[in-house]
Amino acid sequence: MSKYDDTYELNQMQDGGDDSHHDILTDASQDGLKRDLRLRHMIMIAITGTIGTGLFLISGSTIATAGPGGALLAYILIGIWLISVSQAISEITTLLPLPGAFNAWGSRVFDEAFSFQMTWMYCINWALMIPAQLSASALIVSFWLPQDTTFPPWV
């Protein structure tokens, strides 16, 4: 169980509550999260999230398999789904402004064991993402080299 009951906090904040509890809430929420992202920061995050090695490597096979219309439809459907996921994450962040993101939300909503598992899965995801991006980068660089030379992926 957490230090403060979330439903009590939310009800007290909506109903006005007593001022001492409100002071505790504002002090607790001011510690970790800072809302300092400007429009240029969000645009750069969106651009770097969109243009990656996957765009160069995967889009060709997608167009070859599904055709241009199918690929466009797939990208539109996935884009709508990602907008929904981003909106859900922003709603959770607004509702529970806690430092720690996914693992903090998991322990608040479900259980400490769920939070532990989610944290390890997130670490494993990024541990596998780095070698995958390096090998994808080696494939992209190999397109720039002449046909008879190969670019070793470990470089």
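In our numbering, the protein residues as written are 35 to 189. For glycine and all other residues, C-beta sits at the position ideal for the given N, C-alpha and C.
Pull up the distance between the alpha-carbon of residue i and that of residue j, whole angstroms please.
i, j, result
"ALA98", "LEU107", "14 Å"
"LEU179", "LEU173", "10 Å"
"MET152", "GLY113", "24 Å"
"SER149", "GLN167", "27 Å"
"ALA135", "ILE117", "18 Å"
"ALA122", "PRO131", "14 Å"
"ALA147", "ILE126", "20 Å"
"ASN137", "ASN159", "14 Å"
"ARG142", "ARG74", "32 Å"
Can you tell me which of the three DSSP states residue i falls into?
i, result
"ARG72", "coil"
"PRO165", "helix"
"PRO102", "helix"
"PHE144", "coil"
"GLN181", "coil"
Any beta-carbon of chain B closer than 7 Å to the one on residue i?
i, result
"ALA161", "Absence of chain B from the displayed structure is noted, only one protein chain being present."
Would you kindly check if the distance between the Cβ of residue j and the Cβ of residue i is under 7 Å?
i, j, result
"LEU91", "ALA170", "yes"
Please report the residue range of the alpha helix (DSSP H) in which residue i lies.
i, result
"GLY134", "No alpha helix (DSSP H) holds GLY134; DSSP gives it neither H nor E."
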